[in-house]
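A.B. asks:
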Amino acid sequence: MPAPYSSPLAEELGPAVLDRLLRYVRVDTQSARDRTSSPSTPGQLELGRLLVDELRAVGLDDAEQDANGYVFATLPATVAGAPVIGLLAHLDTSPDESGTGVEPIVHRDYDGGVIELPRRGTVLDPERMPELLDAVGHDIVTTSGDTLLGADDKAGMAEVMAAVAYLAAHPELPRPTIRVGFTPDEEVGEGASLFDIERFGAVCAYTLDGSSAGELQDETFTAAAADLVIHGVDVHPGFATGKLVNASRLAGKILAALPADRAPETTSGRDGFIHVYSVEGGAGTATIRAIVRDFDDAKLAEHVAVLRETAEGVVATEPRARLELDVRPQYPNMRVYLDERPEVVAAAEEALRLEGYEPLRTPIRGGTDGSVLSARGLPTPNLFTGGHEYHSVREWASLQEMAGAAAVAVRLAGVWAGRAA
Ligand SMILES: [Zn+2]
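Note that this note's numbering has the sequence shown beginning at 5, numbered continuously upward.
What follows is the structure, encoded as structure tokens:
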């Protein structure tokens, strides 16, 4: 069995990372869709204020929360002439599972068996979650079984905080100016929308928002959303003969006609998909909401065309029915922007190797703040956090992997300091 910590540095950072994670997950920061202000929920402001206080306490005196709930702070350089870099994590947790009353449990020296949690019969079973077997001998943090943990992304946040606190306490270590940023509403796709890149003032940034140890992600899906509204003809069913055109039945036919091999449950790796995530309606009108994803823009357009042709084909069988289709882009694959600045990913690879990790270059079957930030001019790849099974009551994190991620952030500072002009 490999040593649980990736380095003495990680072992030193471990207790601080755990302490911070356990504190941050107790603040309910679940975000809400269809927000009318930023952030979407008050808990994110509360956690942001706590972070401002903690950043100032470790010496990042300019820490502040802006009007939209973003927390920014600066750790000044100890070498001259190095580019300013950013470290980012997000404040919110997923709307898909409760984040209220999170009571984390630490399981020391995990033995590789089934972990039974006290509430809701929730079980972590290595048969179904093989990543647990990579964490044998680690200290594992879980929920009590009836909430998410919030390691997504409070593990990332705890790692950024522990790394900057360590660097602040070690001015003898060469480092560039580091800008810290904590963003609201990432889980509802708004983390980057009000991010003030100008004010942030970094040449590049790294989100700590990945999962398995060693992950370095420079590629996300390109994403679009599609709403289909089917208009039928609603008539009292007692007088409906030859008159009623049932929009919900047409919606059902569209769903049945969509290709089964282009769904998230039947695709993996680099294949894209069409995902219907909501269906609602009555006899008169029905609405199907879907997201469409691919790594390749041309293939994304093809999935959208399949969706359109399928819906149009079904609705065309009933001349009195009508279809409205609204397709809008959501976020781009960040790869094209990061390819223009190869030194950004190269620095992360170097930092990972210094910490003993072989970089795992997995494409993200989703998006991150980095997708939009990279497109807006702040190249931002994503690094692992050591959290797993995100957005579920089975969410867990390895202390040793989290400490390793914090150590990678410390080493990243050294790598960029070495690039001083
Ligand atoms: Zn996340």
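Here a beta-carbon is modelled for each residue, glycine too, at the ideal position from N, C-alpha and C.
Please read all numbers here as calculations on a predicted model, not as lab measurements.
So which residues touch the region around ligand 1, with touch meaning a C-beta under 6 Å from any heavy atom?
C.D. replies: Result (chain order): His94, Asp156, Asp157, Glu190, Asp213.
A.B. asks: Go ahead and pull the three-state DSSP assignment for Glu393.
C.D. replies: Here the question's residue 393 lines up with position 389 in the sequence shown. Three-state DSSP puts Glu393 in coil, outside helix and strand.
A.B. asks: Note down, one range per segment and in chain order, each beta strand (DSSP E) of at least 3 residues found wholly within the region 18-98.
C.D. replies: Counting only runs of 3 or more, we get 75-79, 89-94.
A.B. asks: Can you give me the Cβ contacts of Ala196 inside the same chain, cut-off strictly under 6 Å, excluding the 5 residues immediately before and after it?
C.D. replies: Within the sequence shown, residue 196 is the residue found at index 192, counting from 1. Result list for Ala196: Asp373, Val376, Leu377, in chain order.
A.B. asks: Which residues mark the beginning and the end of the beta strand (DSSP E) in which Leu356 is found?
C.D. replies: Here residue 356 refers to the residue found at position 352 of the sequence shown. Taken as a continuous stretch (DSSP letters only), Leu356 belongs to no beta strand (DSSP E), being part of the alpha helix (DSSP H) at 346-358.
A.B. asks: Give the straight-line distance between the Cα atoms of Arg203 and Ser98, rounded to the nearest whole angstrom.
C.D. replies: Position 199 of the sequence shown, counted from the start, is the residue given in the question as residue 203. Position 94 of the sequence shown, counted from the start, is the residue given in the question as residue 98. Roughly 27 Å separates the two Cα atoms.
A.B. asks: Would you tell me roughly how many angstroms separate the C-alpha atoms of Met5 and Met338, rounded to the nearest one?
C.D. replies: Walking along the sequence shown from the start, residue 5 turns up at place 1. Walking along the sequence shown from the start, residue 338 turns up at place 334. Residue placement at Met5 is poorly supported in this model, since its pLDDT is 49, which falls under 50; the coordinates still yield a value, given next. Using only the alpha carbons, I get a separation of about 36 Å.
A.B. asks: Note down the Cα distance separating Gly205 from Glu316, rounded to an integer number of angstroms.
C.D. replies: Here residue 205 refers to the residue found at position 201 of the sequence shown. Here residue 316 refers to the residue found at position 312 of the sequence shown. Distance between the alpha carbons of Gly205 and Glu316: 48 Å.
A.B. asks: So what does Arg380 bridge to, in DSSP terms?
C.D. replies: One-based indexing of the sequence shown puts residue 380 at position 376. Looking at the DSSP assignment, Arg380 forms no beta bridge with any residue, so it has no partner.
A.B. asks: Cα separation between Thr384 and Asp301?
C.D. replies: Here the question's residue 384 lines up with position 380 in the sequence shown. Here the question's residue 301 lines up with position 297 in the sequence shown. If you take the alpha carbons of Thr384 and Asp301, they lie about 20 Å apart.
A.B. asks: Give the C-beta separation of Arg326 and His235 to the nearest angstrom, bearing in mind that I take them to be a contact with Cβ-Cβ under 8 Å.
C.D. replies: One-based indexing of the sequence shown puts residue 326 at position 322. One-based indexing of the sequence shown puts residue 235 at position 231. Confirmed, Cβ separation roughly 4 Å.
A.B. asks: Kindly give me the distance between the Cβ atoms of Leu2 and Ala413, rounded to whole angstroms, as I take these residues to be in contact under 8 Å.
C.D. replies: A question about residue 2 goes unanswered here, because the residues of the chain that appear run from 5 up to 425.
A.B. asks: May I ask you to report which of helix, strand or coil DSSP gives Gly317?
C.D. replies: Sequence index remark: in the sequence shown, residue 317 carries index 313 (1-based). Correct three-state label for Gly317: helix.
A.B. asks: Give a yes or no on whether the C-beta atoms belonging to Pro2 and Leu26 are separated by under 8 Å.
C.D. replies: Past the edges of the chain, shown from 5 to 425, lies residue 2, and the structure says nothing about it.
A.B. asks: Going straight from the alpha carbon of Thr146 to that of Val237, what length do you get?
C.D. replies: Here the question's residue 146 lines up with position 142 in the sequence shown. Here the question's residue 237 lines up with position 233 in the sequence shown. Rounded to the nearest angstrom, the two C-alpha atoms are 51 Å apart.
A.B. asks: Throw me the rounded Cβ distance for the Thr211 and Ala93 pair, which I believe falls under 8 Å.
C.D. replies: By 1-based counting over the sequence shown, the position of residue 211 is 207. By 1-based counting over the sequence shown, the position of residue 93 is 89. Yes, Thr211 and Ala93 are in contact; Cβ-Cβ is about 7 Å, under 8 Å.
A.B. asks: Are the Cβ atoms of Ala167 and Gly390 separated by less than 8 Å?
C.D. replies: Residue 167 sits at position 163 when you count from the first residue of the sequence shown. Residue 390 sits at position 386 when you count from the first residue of the sequence shown. For Ala167 and Gly390, no; Cβs fall outside 8 Å.
A.B. asks: Run through DSSP, which three-state label would His307 get?
C.D. replies: Against the sequence shown, residue 307 aligns to sequence position 303. Of the three classes helix, strand and coil, the one that applies to His307 here is helix, per DSSP.
A.B. asks: Report all residues from its chain with a CB closer than 7 Å to the CB of Asp100; omit the five preceding and five following residues, and keep chain order.
C.D. replies: To locate residue 100, count along the sequence shown from 1; it is residue 96. Result list for Asp100: His395, in chain order.
A.B. asks: Buried or exposed for His307, going by 16 or more other Cβ atoms inside 10 Å?
C.D. replies: Translated into the one-based positions of the sequence shown, residue 307 becomes position 303. Buried is the call here.
A.B. asks: Count the other CB atoms, across all protein chains shown, that sit within 10 Å of the CB of Glu223; report buried if there are 16 or more and exposed otherwise.
C.D. replies: Start at 1 with the first residue of the sequence shown, and residue 223 comes out as number 219. Buried: at least 16 other Cβ atoms inside 10 Å.
A.B. asks: Within 10 angstroms of its Cβ, does Glu405 collect 16 or more other Cβ (buried), or is it exposed?
C.D. replies: Within the sequence shown, residue 405 is the residue found at index 401, counting from 1. With 16 or more other Cβ atoms within 10 Å, it is buried.
A.B. asks: Bridge partners of Asn337, per DSSP?
C.D. replies: Position 333 of the sequence shown, counted from the start, is the residue given in the question as residue 337. Note: Asn337 sits in no beta bridge, so no partner.
A.B. asks: According to DSSP, is Val110 helix, strand or coil?
C.D. replies: Against the sequence shown, residue 110 aligns to sequence position 106. Here Val110 sits in strand by DSSP.
A.B. asks: I need the DSSP call for Arg332, collapsed to helix, strand or coil.
C.D. replies: Working through the sequence shown from its first residue, we reach residue 332 at position 328. Three-state DSSP puts Arg332 in a strand.
A.B. asks: Quick check on Leu342: does DSSP put it in helix, strand or coil?
C.D. replies: Position 338 of the sequence shown holds residue 342. Leu342: helix per DSSP, three-state reduction.
A.B. asks: Answer with buried or exposed for Asp298, where buried requires no fewer than 16 other C-beta atoms within 10 angstroms of its C-beta.
C.D. replies: Start at 1 with the first residue of the sequence shown, and residue 298 comes out as number 294. Looking at its Cβ environment, which holds 16 or more other Cβ atoms inside 10 Å, Asp298 is buried.
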